[in-house]
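Here is the structure we will look at, set down as structure tokens.
Number of protein chains: 2
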Amino acid sequence: MIKRYASSTDVARLAGVSQSAVSRTYRPGASVSEETRRKVLAAADELGYRPSRIPQIMLTHRSHLVALVIGGMYNPFYSSVLEAFVARLQAEGWQPLLVHVDNDCAFDDVVPTLASYRVDAVVSALAILSDDSVRQLEQLRIPVIAFNASSFGDRVVSVSSDNVLAARLVADHLVARGARRLGLIAGLVESSAGRERQAGFTARAGELGVPVAIQAGGFRYEGGRAATRRLFEGPMAPDGIFAANDLMALGAIDALRVDLGLRVPDDVLVAGFDDIPSASWAAYDLTTVLQDAPRMVDEALRVLHSAAELTTARPGRIVVPPVLIIRGSTDRPVAPVQVA
Amino acid sequence: MIKRYASSTDVARLAGVSQSAVSRTYRPGASVSEETRRKVLAAADELGYRPSRIPQIMLTHRSHLVALVIGGMYNPFYSSVLEAFVARLQAEGWQPLLVHVDNDCAFDDVVPTLASYRVDAVVSALAILSDDSVRQLEQLRIPVIAFNASSFGDRVVSVSSDNVLAARLVADHLVARGARRLGLIAGLVESSAGRERQAGFTARAGELGVPVAIQAGGFRYEGGRAATRRLFEGPMAPDGIFAANDLMALGAIDALRVDLGLRVPDDVLVAGFDDIPSASWAAYDLTTVLQDAPRMVDEALRVLHSAAELTTARPGRIVVPPVLIIRGSTDRPVAPVQVA
DNA sequence: TTGAAAGCGTTACCAG
DNA sequence: CTGGTAACGCTTTCAA
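Top to bottom, those sequences are chains A and B. Quick note: the first sequence, position 317, residue 317 per this note's numbering, numbers continuous. Quick note: the second sequence, position 133, residue 1133 per this note's numbering, numbers continuous.
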């Protein structure tokens, strides 16, 4: 087995000082003579020495490692969340250990590994979080922060947008712009965010006395496109569609224009959720709900800080206000139009 | 300071056995009596114990940690590469430590942190890798694998597509489909991949006797859109455009259709590079070069395995064959058309 | 099969 | 200011 990294003892030997002296040289505010420091730094430079955090982890019971659990990176919303998270964690002295899971039971499998690295906390950006994984992490006393998944509000801390309110705003907007037969493209039933968006939208539509047809789109572009075609196979062709995320909304727009030969927004209004970059591309110009990722990350980090000194974060829900971004895909006069 | 994780000593105490017995219980193939194993597992379960890898790192000089350095996650190509990498690393027993850098000097800043966690290797998916960072990692004897950046072929291992060949194929294709005045939207000069694509394209166009106008697009959608408008301000309005990545190509298509009122592919052919998901969306249907991310990740992992036992990977370039994906954005008869 | 003990690379504490 | 030493949690070796 090759020894790759030099140790403080190696440096001490070369510099002709004690190992303690090397340690002190790298500890700010420790008392080392200029002479010793010089010798140590010279030796360290020669050997390519950097102090190791590993023994510190044993001593302090703090690794400064945070597990970041991600699932569907196909959704650009999650890439931007990930990027923001990593940048913020680094800036505050944490190191993200990235964990990718395809499906939920795979998460259970990696929990022991995370534990073996003694992570200080787990941040999950999974749409879905199984009861089992939560229980496992609880037993290991690892604080868990759920991003965009509120189903475990009583056991973990969750940070998410106000999905219900946002979906209600979308329903209001579509109806105000003249829609009278709504279509909803749902995500995955396992996703609490998706369920909340569906609930808010259908509730508000009900209050407004407007019917809603529902098709599942699985949060993907192709799913949204297929769901849209199915919506138009039914008896009630919608004149306003809300997709539970932007990817599906973009698929819906393409289905309407390319597969069905309809115009957006002239024939059908379309709105999405997330405000991913492609939502603002000229070909789509999609009305959507902005999820304030930086703000959500901020909140998650606030929780992380407080959880760092506890064995578990205090359960609860943190809800970030959403913003409706109105673009061309719903750009019609506000005055209700006459519908056949 | 709270002690979050139980130790083998805690378990031993509760189980009424020695700490060695606990260790052996978790080491496959060690000799423990059924009775002891039972007591240990019961105690471990009660305390939520998982063996720690931290002391092992000290003993073996191997952390099984791999630093994954990422930059522009705005490009979906990198999210999919990241996802593939993380999945593969995990499957093979490594843990990715994620590092995000905004600009290159920021990388220099995190190198000491990576070293302090005793990472076994660094995989950089940065378009740009500074000379300084490479030198720093060399001095620390950390093997480096550069993904999609070949400028340091003599110092590190790089894995990339055959950018030159791919760009030549694109030039051939555009000209075969009738383009006679080419436009090239370049990425960033600092990116070796971008430079290679530009070199291959202009070289082949030269051989074919077709002029090329160049505008920089910075690898972003907006940049590609603006670059396209600039191409048409010049004296030579192109009838075929190659963008050094898909994001810029999509911006180009929107510029052509929305800003300039031209048709794609009827008036102008457009091709990109990467084959990101949105390239195949109906609104764009973009001809592009597929970078075989899974294959590239495979190659990188092969290098990682061999580098794991060395203090440095043997420098060299690994080049993965690209595939031209022909879609609607260049869909014109193969026979050369007459151009004014 | 079992327990005791050394050692990994640090930091903190102590005596000099 | 300096060097020696204990301690962290684990694996491995050795003796019982």
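The beta carbon of each residue, even a glycine, is placed where N, CA and C say it ideally should be. A quick note: this is a predicted structure, and the numbers were derived from the prediction, not measured.
Note that the C-beta distance between A/ARG88 and A/VAL297 is below 8 Å.
Below the 7 Å Cβ cutoff, chain A contributes ILE54, PRO55 as neighbours of B/MET1058, in chain order.
Approximately 14 Å separates the beta-carbon atoms of A/ASP331 and A/ALA279; this is outside 8 Å, ruling out the contact. Below the 7 Å Cβ cutoff, chain A contributes TYR221, LEU250, ASP254 as neighbours of B/TRP1281, in chain order. In chain B, no part has a C-beta under 7 Å from the C-beta of A/GLU92; the shortest such distance is about 12 Å. A/SER130 is positioned such that its CB atom lies closer than 8 Å to that of A/PHE107. Apart from sequence neighbours up to five positions away, no residue of its chain approaches B/SER1020 with a beta-carbon distance below 6 Å. Taken through DSSP and simplified to helix, strand or coil, B/ALA1213 comes out as strand.
Residues of chain A whose Cβ lies closer than 7 Å to the Cβ of B/MET1236 do not exist, since the nearest Cβ in that chain is about 24 Å away.
Among the residues facing chain A, B/GLY1240 is not included, as its CB has no counterpart in that chain under 8 Å away. Between A/GLY187 and A/GLY218, the C-beta spacing is below 8 Å. Per the C-alpha coordinates, the member of A/ASP292, A/VAL268, A/VAL258, A/ARG118 positioned closest to A/MET236 is A/VAL268. Shown here, B/VAL1258 sits in a helix according to DSSP, grouped into three states. Under the DSSP assignment, B/PRO1055 falls in the alpha helix (DSSP H) whose first and last residues are 1054 to 1060. Relative to the Cα of B/LEU1304, the nearest Cα in the group B/HIS1064, B/MET1058, B/THR1036 belongs to B/HIS1064. Residue pairing for B/PRO1096: DSSP places it in a beta bridge opposite B/VAL1066. With the criterion set as a beta carbon lying under 9 Å from some beta carbon of chain A, the members of the segment 1002 to 1036 of chain B are ILE1002, LYS1003, ARG1004, TYR1005, ALA1006, in sequence order. The DSSP-derived three-state label of B/VAL1032 is coil. Residue environment analysis places A/LEU59 among the exposed positions, since fewer than 16 neighbouring C-beta atoms fall within 10 angstroms of its C-beta.
A/LEU82 belongs to the set of residues whose beta carbon lies under 8 Å from a beta carbon in chain B. Taking 8 Å as the cut-off, the Cβ atoms of B/SER1329 and B/ILE1253 count as close.
Straight across, the Cα-Cα distance linking A/ILE57 with A/GLY316 is about 29 Å. B/ARG1263 does not reach chain A, its nearest Cβ partner there being about 13 Å away, counting only Cβ pairs nearer than 7 Å. Here the C-alpha atom of A/GLN95 lies approximately 40 Å from the C-alpha atom of B/THR1228.
Between B/ASP1274 and B/THR1287, the gap from beta carbon to beta carbon reaches 8 Å or more. Shown here, B/ILE1241 sits in a strand according to DSSP, grouped into three states. Rounded to the nearest angstrom, the Cβ distance from B/ASP1285 to B/ARG1327 is 5 Å, consistent with a contact under 8 Å. In chain order, ALA205, VAL210, VAL212, PRO238, GLY240 place their CB closer than 6 Å to the CB of A/LEU182, counting only its own chain and leaving out the 5 sequence neighbours on each side.
Taking 8 Å as the cut-off, the beta carbon of A/GLY251 is found closer than this to the beta carbon of A/GLU222. Contact check for B/SER1160 against B/VAL1319 passes: the beta carbons are separated by less than 8 Å. The bridge partners DSSP lists for A/ARG317 are A/SER158. At least one CB atom of chain A sits nearer than 8 Å to the CB of B/ALA1115.
B/HIS1100 has a beta carbon lying within less than 8 Å of a beta carbon in chain A. In the three-state reduction of the DSSP assignment, A/ASP285 falls in the coil class. Scanning chain B for C-beta atoms nearer than 7 Å to the C-beta of A/ALA87 yields HIS1100, reported in chain order. Across the structure, A/GLN139 and A/ILE128 are spaced so that their CA atoms are roughly 19 Å apart.
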